[in-house]
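Since the structure comes first, as structure tokens, the remarks are kept for the end.
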Amino acid sequence: MSGKPLLVTCGLPYTNGPCHIGHLRTYVPADFYVRYMRRSGEEVVFICGSDNHGTPIVISAEQEGSTPRALSERYHEHFYETFRRMEVVFDRFGMTDDATNQETTRSIVERLIENGYVYAETVSQSYCPECERFLPDRYVEGICPHCGAVARGDECDQGCGQHLEPGEIKDAVCKVCGGKAEYREQEHYFFRLSAFREFLLEYLPNLKGTSTARNYALGWVKELLHDWCITRTLDWGVKFPGRDDLVVYVWVDAPIGYISFTKEWAEAAGADWKDYWCGDETRVAHFIGGDIIYHHCIFWPALLKGAGYGLPHAVVASGMVTIEGRKFSKSRGYVVWTNDDYLDQGLPADYLRYYLLSYTNHTKELDFSWKVYAERVNNEIVGTLGNFIYRTMYFAEKEFAGVPDLAPRPEVVEEIERSLAAVDGLMRDYDFKNAVDAMMALASYGNGYIQNNAPWKLIKEDRAAAQQVIADCLQIVKALALVFEPLMPESMQRAWTMLGYEDDIADHPIAEATEPVRARALEKPTTLFTKVEKDQVAALEATLNLRVERAKEAAAPKMPTVSIDEFATLDIRIAKVVSAEPIKGSKKLYKLVVDLGSEKRQVVSGIAQFYAPDELVGKDVALIANLAPAKIFGVESRGMILAAGDEASLLVPLRPVRPGTKVR
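Here my numbering is used: the first residue of the sequence shown is -16, the next is one more, and so on.
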């Protein structure tokens, strides 16, 4: 411990839609870390809030006939309640649109202006004549000027990843109405980010957290830093000092929210917010998604430095989330909603917390699969951890009516100490997956210990020896409850109560794991965990699959309707195939001659991959007979054979029909 208080923050959820498990990849590990550090004796404050500004919220509010503030308040409350259901508990969860952040943002921007780090410049900005509004950031789409890929207004998200300033993107299109955007000149304000290159090259190598964040940021700084436009033409947001027509860019007031929310917490707690944000030895750790590393490791430290604040000491960036092996996508249906799909189905928050933290390294891509989720829960939580705790508690209550009045063997205490030391080192290195593995290894040790010593057999020969085994196992149970509490707080509180304790487990340091349980009576135990059954997994998978199918239907191009008169213009007739032969140079095309009763006609058809020529000769097929003649691969075609699906299943009559018969 450094003696300095620790401030932990999470990237702010955007109040424009509900919480999904992709969000939780950031918030659950942060809560796990905070709970662990507190239980290890650290003074920790846990801060977050909702991000309320920007064009998407304005657009969404307009579409539902609401106001940006009302929309923000609704989703702010949604995230606050959802996080609490997931046992993610902040000391302060604020709003960037509240007065404290408005005032703090203007104060910091004014200080940057005074220090010479903000300047005005006239720029060309995308404007939609149809919507009659300037189009900042993500409501512009066009071509990246650096690599030529399709890009959004502030970032080449599908190509080179380059940050884009207003006016840089080519062939700009309005994403609201789809119309062509034009450029109009307007004065905006820029943050002199380029002035901080040397500072960042010195600061970043010493930044703690995940190496992915540090290395990504260093790669950008070593290339070239461009100044950032920090104003937008909107009514909704924090007004830029001295301008009623401009607000500050959302990536200015959103991170400043960390400071503002600390101020709000400090005022209520009787603390001094400057202990966390001012001075040379502040300890601020940011937990973020991997998609916002640039903002937190480059822009944010430079802004803090320019305004004279302390700097973050750690940035912990998580990998992205996929769903059943597919890229996470709300529009394509590959999404699992935290409330609707998980919590409202009666599934425990502790199970999902375990899956998110144990599945893979924090910096790697995490795939969410209902099948794998059930396997991990059943094999590890139920089969290893829950099994050991229950069988120990059951035997203690049944045979000894409680905890034997015996100290645990030294070798058991030593194993607990080794496990706790391993967990502690991994937690302080932000290696959460291996920390959880080390916790579960202690549960496996307990299972092996009770199985090898077999107190159910031993008690028949040596009751005292059986008591010692159970005393040892109960000490392991206590250690497991204490060390697993940051990961699965609700379940471990129940385990703590079964051990005969009447207070909150969170009030006890993890170091108490080696203090003897002490003799006491025990109630008959109950099982801590229940299996996830196959039929429940099938139902959850069906919900996801249905969402994907509906998304496909919604995204499918809508065919225009035709009138009966328009349909009647098609002359569809039954024709008999007389001959079929491949067209030289093509693997897909056949030249067919078909009999229409009154005439024979040549038709080119792309069915060569699915039928041999002799399969077609003599077959009745449906033909559009009045299609305009065309040359395909140099061969004239006068009609089109009708087939269905990707495998070109030919449409044929069920009963023999005379060639030339019209289809009605």
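Heads up, the beta-carbon is just placed ideally off N, CA and C, and yes, glycines get one too.
With respect to V587, V561 sits apart: the two C-beta atoms are not nearer than 9 Å. Burial state of T214 is buried, judged by a 10 Å Cβ sphere holding 16 or more other Cβ atoms.
Membership of G240 in the alpha helix (DSSP H) is indicated by the continuous run V233 to A252. Taken in chain order, the complete beta strand (DSSP E) segments of 3 residues or longer contained in the region 5 to 58 are 27 to 33. Annotated as distal: S301 and G32, with beta-carbon spacing of 9 Å or more. If you look at T644, you'll find it isn't in any alpha helix (DSSP H); DSSP assigns it neither H nor E.
Rounded to the nearest angstrom, the gap between the Cα atoms of W234 and H278 is 7 Å. The Cβ neighbour count for V635, taken over all protein chains shown within 10 Å, is under 16; the residue is labelled exposed.
T(-2) and S55 do touch by the CB rule: their CB atoms are close to 4 Å apart, below 8 Å.
A residue is called buried when at least 16 other Cβ atoms come within 10 angstroms of its Cβ; E124 meets this threshold and is buried. Take L599, set aside five residues on each side of it, and the residues of its chain with a beta-carbon closer than 6 Å to its own are V560 and A563, in chain order. The shortest CA-to-CA distance from L482 to any of A538, E380 and L575 is the one to E380. I557 is bridged by DSSP to A605.
Rounded to the nearest whole angstrom, the CA to CA distance from K440 to R315 is 57 Å. DSSP lists no bridge partner for G329.
Counting other Cβ atoms within 10 Å of its Cβ, I547 stays below 16 and is therefore classed as exposed. When secondary structure is reduced to three states using DSSP, P188 falls in the helix class.
Using a C-beta cut-off of 8 Å, the region 383 to 397 makes no contact with the region 325 to 343, since fewer than three inter-stretch Cβ pairs fall below that distance. Buried is the label assigned to R197, since at least 16 other Cβ atoms lie within 10 Å of its Cβ.
Across the set W353, I590 and S620, the C-alpha of S620 shows the shortest separation from the C-alpha of I607. In the structure shown, K205 falls within a helical segment according to DSSP collapsed to helix, strand and coil. Between L(-11) and E264, the alpha-carbon positions lie close to 11 Å from each other. Counting only runs that start and end inside the region 311 to 372, the beta strand (DSSP E) elements of at least 3 residues fall at 349 to 351. A distance below 6 Å between beta-carbons, with the five flanking residues on each side excluded, links W353 to the following residues of its chain, in chain order: V520, L523 and E524.
By the CB criterion at 9 Å, I453 and F371 fall outside the cutoff. No residue range can be given for G131, since it is assigned to no alpha helix (DSSP H) and is classified by DSSP as neither H nor E. The beta carbons of L229 and Y166 sit no closer together than 9 Å.
Under DSSP, the beta-bridge partners assigned to L633 are A626.
Straight across, the Cα-Cα distance linking I96 with A494 is about 49 Å. Here Y337 is buried: its Cβ has 16 or more other Cβ atoms, across all protein chains shown, within 10 Å. In this structure E398 is buried. Its beta-carbon is surrounded by 16 or more other beta-carbon atoms within 10 angstroms. By alpha-carbon distance to I42, the top candidate from R180, A605 and L118 is L118.
Contact check for K288 against F174 fails: the beta carbons are separated by 9 Å or more. Cα atoms of A627 and L637: separation of roughly 16 Å, rounded to the nearest angstrom. Per DSSP, the unbroken beta strand (DSSP E) holding C111 starts and ends at V101 to C111.
For the region 72 to 96, the continuous beta strand (DSSP E) assignments of 3+ residues that do not extend past its boundaries occur at 75 to 78, in sequence order.
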